[in-house]
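Notes follow once the structure below has been shown.
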Amino acid sequence: MLILVYILLGIFIAFMGMQYLVVLRSKRNKGKRVEPMGGKIGRVIATGGRAMVYFYSPSCRACKYQTPVIDRLISDGHKVHKVDISRDMATARKFGVMATPTTVVLQGDEIVEFLVGAKTEDKLRKLLN
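Below, the structure is given as structure tokens:
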């Protein structure tokens with residue numbers, strides 16, 4: 001019985017360590033420049049200004065809660081672009097996305113915020129203003 005507790009504790013610590021590593025690695029993306037690219041996101045980067053890119057996956061449970069928030073921001077006229085990583089992994093790689101949901105805030109071609117995980121609508125609105 002005690003061995004089972006140690007095994008479960010070890011799995012829990014490993015899982016939490018991997019989560020922490022993803023967050024730490026994502027913070028290193030802040031301040032980096034995004035390489036030129038085509039498509040809608042490339043045009044947004046070229047025009048400058050503040051914009052948000054939301055990376056999600058249809059199978060991601062947290063994304064199911066975050067996506068309606070993103071859709072409200074889009075319907076309110078904010079410059080927010082959704083990227084389904086199951087269809088466009090190349091763009092996710094260019095941004096350094098390692099988990100979903102990930103929200104990247106751009107000022108021109110510079111990453112000013114790189115957020116992993118679901119965030120509140122208020123926080124996202126503040127980042128866009």
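Anchor point for the sequence shown: position 20 equals 20 in the numbering used here, and the numbering is continuous, going up by one each time. Don't be surprised by glycine CBs; every beta carbon is placed ideally from N, CA and C. Given the structure is predicted, the values throughout are model-derived calculations rather than measurements.
* Beta-bridge partners of TYR54, as assigned by DSSP -> LYS82, THR103
* Is it a yes or a no for the segment 16-31 touching the segment 58-66, going by three-plus beta-carbon pairs under 8 Å? -> no
* Alpha carbon to alpha carbon, how far is ARG50 from ASP84? -> 21 Å
* Going by the beta-carbon positions, is the gap between VAL116 and VAL5 smaller than 7 Å? -> no
* To do: Please name the residue in ALA90, ALA46, THR100 whose C-alpha comes closest to that of LYS64.
  => THR100
* Would you identify the three-state DSSP class for ALA121, choosing helix, strand or coil? => Residue identity check: residue 121 is Glu in the sequence provided, not Ala. Correct three-state label for GLU121: helix.
* What are the partner residues of GLU35, as DSSP defines its beta bridges? -> None, per the DSSP bridge assignment.
* Any idea which residues DSSP pairs ILE74 with across the strands? -> Its beta-bridge partners do not exist; DSSP assigns none.
* **Endpoints, alpha helix (DSSP H) assigned at LYS94** => 89-95
* **Validate contact between the segment 65-78 and the segment 23-42 using beta carbons, cut 8 Å, 3 pairs** => no
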